[in-house]
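For the sequence shown, our numbering gives the first residue as 7, with consecutive numbering after it. Yeah, the Cβ is synthetic: ideal placement off N, Cα and C, and Gly gets one too. One structure below.
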Amino acid sequence: MRLIRPSGYLINPLLLALLLMLLSTVGVMLFRFYGIKSYEEIGTSQRALESAVFRSCMREVQRLSLMVPVLKQLDTETEEELRDSIEEAMLIFSAEGEIPHMISAIGYRRATAPESLFRFDREWARADEPIHGFFRDDEAEMKQDDFMVLERNPELPDQLIILYHPGSGKNYIIQAEMNVTEFHRHYIEPAAQEILEGYELKWTVSDAPEQWDDESKRDPQDRFSLENYRFSPLAALSGRIYNEEKDIRIRIPSPLYLSGPLILKEAIPGDGEDGDSRDREDDFFFKRSRPFMNGKEHILLAGYPDGPFYLNIERKHALDWLQSMLLLLGIGAIFLILMIQQSRLRQLREREKEFVASMTHELRTPLTVIRSASDNLSRGIISPERLPRYGRLIQDQVLRLSNMIEEILMFSSMEGKGPPPEAVEMEIQTLLDELKSAVGTVASERAVTLYWDREGLPLRGLGDPELIRLVVNNLIMNGINHAYSGAEEGTIRVKAHLSIPDSLRVTVEDEGRGIPSGEQNKIFQPFYRDSISRRNQEKGSGLGLYIAKKKIEAAGGELKLESPYTRVDGKKQQGCRFSFSLPFLPIED
């Protein structure tokens, strides 16, 4: 039995494919757009952080210039005055001084005995140790003008030695000691922390044999590489595993770590006419520091505890991308819904047209028969012995019209939901006998044989007799009218039995043309008739199965279709099997 006409999709597949292609293209473009924006902002942020940290840290290094005028003021006439001046200088640069943690000790060497150092930190002490670096027992050098030498202590790598010679005619050399680690801890690290507030910082010290200015010689692993960056919005939003390789690596070459002695001549700040020599060609820090920036370097690793340093930038663009995608999907969904609604309205109009055409045909046939019979009767051309036949003919057509009108009225009334009818006492066997008699005549006229199996049914029970009558009659007439062609004999089997818990189960089977699997869900839609039914002008309005299914579901039952179905012997049978169950409580005598 084939009750479904081939129907088009709710949406044109080509149009749907174009829509998906458009959404995919726009989605890829959005991903690339926000990926490029994230890449550019991360690069800008990286350069800004590197520059800000470098400048801030190097400003702290310039504190070295504060020691120069203090050391120059130690130019005294007597050794006792020199010691007093050194003690006053230590009050400025010691851990508790005005500029703390700059100098750990200050001492002096006599020109006549440079191997002996008179050193003061908290008290005076004398030590015998060789002079470092440039200063040697060289009388020619002692006659030079004032100059200063910065040199690392070979025995204590974290100690910076500052040697100052006041100039010709002086018989002593000033030596100041600076703890580079303490200076870094109290000045460099806080300056970097202020710039990188909120980041997690890690400091290391590394040898850097290559020049700072030569970017081509730098190891690309020494800092975060944008070339390896990939925009990962979902990972950024869901949280990623911390990876130290994603930290920004800021290299800070420090003049506090010298590969050799630094000699400052005629460049001591304050020697210029305006008291400031930072604009001179041989400036103390900016000009003179470049050649010795190939010593050790501080490397600063900066990142967040739960992600790379660019986590906030990537999350911002990931959220923008996600919002754009949701907006895009929302627009696509709205467009899709509009397309579906338009297609449904178009199909509904088509079904309404089919319904009108079908009902017109269905109404025209009985009206034509009734009008022809009434004309013959009114003219008196009907013999008396044929009057009963004409009466039955008119009665059958009136009943057919009445059934069609009842279907239409029932369909209209089903738009609203009401309470299910109450179960009443009924004689189920009598009801089935009446149905057998009612449909038997129609079945015999269509060469369809009906087999009834109701073994085990009680005589009486509580149920809805009108619903049982409606559904069973509908399913049987559906098989008679559509399962077989007019010239083909057929068989319909009706089985009724009790099912647990307290329900009546009825199956109606035929061996007709069946229903394709793609159309089996559509036959329960209102006004749906397949192309074969329309082409063969088979009877029906397309409402019977829809009404039956809705009525059964409203009563708490279920209507199913199998096509093809499995017989008792396990073989597949072409045709349809409709089965439904309804609440039914048997009454024992």
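In terms of residues, what are the limits of the alpha helix (DSSP H) holding residue i?
{"i": "S91", "result": "85–99"}
{"i": "M73", "result": "70–78"}
According to DSSP, simplified to helix, strand and coil, what is residue i?
{"i": "D459", "result": "strand"}
{"i": "T602", "result": "Residue 602 lies beyond the range of the chain shown here (7 to 595); nothing can be said about it."}
{"i": "S238", "result": "coil"}
{"i": "A131", "result": "strand"}
{"i": "T447", "result": "helix"}
{"i": "S222", "result": "For S222, the predicted model reports a pLDDT of 46, less than 50, meaning its position is unreliable; a value from the coordinates is still stated below. Note: S222 maps to helix in three-state DSSP."}
{"i": "I593", "result": "strand"}
{"i": "L202", "result": "coil"}
{"i": "E287", "result": "Annotation note: pLDDT 39 at E287 (below 50); position unreliable, coordinate value reported separately. Three-state DSSP puts E287 in coil, outside helix and strand."}
{"i": "G41", "result": "helix"}
{"i": "G3", "result": "Outside the shown range of the chain, which is 7 to 595, sits residue 3, and nothing can be said about it."}
{"i": "G548", "result": "coil"}
{"i": "Q526", "result": "coil"}
{"i": "T374", "result": "helix"}
{"i": "F341", "result": "helix"}
{"i": "A23", "result": "helix"}
{"i": "I486", "result": "helix"}
{"i": "Y534", "result": "coil"}
{"i": "N18", "result": "coil"}
Tell me, which residues are paired with residue i by DSSP?
{"i": "W209", "result": "L306"}
{"i": "K578", "result": "T572"}
{"i": "S505", "result": "S509"}
{"i": "I180", "result": "Y114, Y170"}
{"i": "N185", "result": "Q165"}
{"i": "M432", "result": "G467"}
{"i": "R255", "result": "L307"}
{"i": "D516", "result": "I498"}
{"i": "E564", "result": "S587"}
{"i": "V454", "result": "G496"}
{"i": "G313", "result": "Y310"}
Kindly list the residues whose CB is nearer than 6 Å to the CB of residue i, restricted to its own chain and excluding five residues on each side of it in sequence; keep chain order.
{"i": "R573", "result": "Q579"}
{"i": "L481", "result": "V514, F584"}
{"i": "V500", "result": "W458, V514"}
{"i": "P239", "result": "A324, W327"}
{"i": "S569", "result": "G520, I521, C582"}
{"i": "R466", "result": "E433, I593"}
{"i": "I558", "result": "L565, F586"}
{"i": "V76", "result": "A95"}
{"i": "F99", "result": "I105, M108, I109"}
{"i": "P311", "result": "E206"}
{"i": "A379", "result": "Y396, L399, I400"}
{"i": "T210", "result": "I305"}
{"i": "M184", "result": "I109, L166"}
{"i": "Y193", "result": "E66"}
{"i": "S212", "result": "E303, I305"}
{"i": "G462", "result": "H503"}
{"i": "I201", "result": "A58, V59, S62"}
Spatial neighbours of residue i within its chain, please: C-beta separation below 8 Å, excluding the five flanking residues on both sides.
{"i": "G563", "result": "S509, F586, S587, L588, P589"}
{"i": "D253", "result": "K208, F230, L307, A308, G309, P314, F315"}
{"i": "L243", "result": "R321, A324, L325, L328"}
{"i": "N479", "result": "L441, A444, V445"}
{"i": "L72", "result": "I105, M108"}
{"i": "S122", "result": "R115, R116, R132, A133, D134"}
{"i": "A554", "result": "L476, V477, N480, L481, L565, F586"}
Might you give, ordered along the chain, the residues of its own chain that have their beta carbon closer than 7 Å to the beta carbon of residue i, omitting 5 neighbours on each side?
{"i": "E517", "result": "G496, T497, Q579, Q580, G581"}
{"i": "S91", "result": "Q79, L80, T82"}
{"i": "L29", "result": "L334, G338"}
Taking 7 Å as the cut-off, does the CB of residue i come closer than this to any heavy atom belonging to the ligand NAP?
{"i": "L399", "result": "Although the ligand NAP was asked about, the structure shown includes no ligands whatsoever."}
From which residue to which residue does the beta strand (DSSP E) around residue i run?
{"i": "S587", "result": "583–589"}
{"i": "A119", "result": "119–126"}
{"i": "F153", "result": "153–158"}
Practice problem: Output the residue ranges of the alpha helix (DSSP H) runs that lie fully inside the segment 383–420 and measure 4 residues or longer, sorted by chain position. | Solution: 393–419
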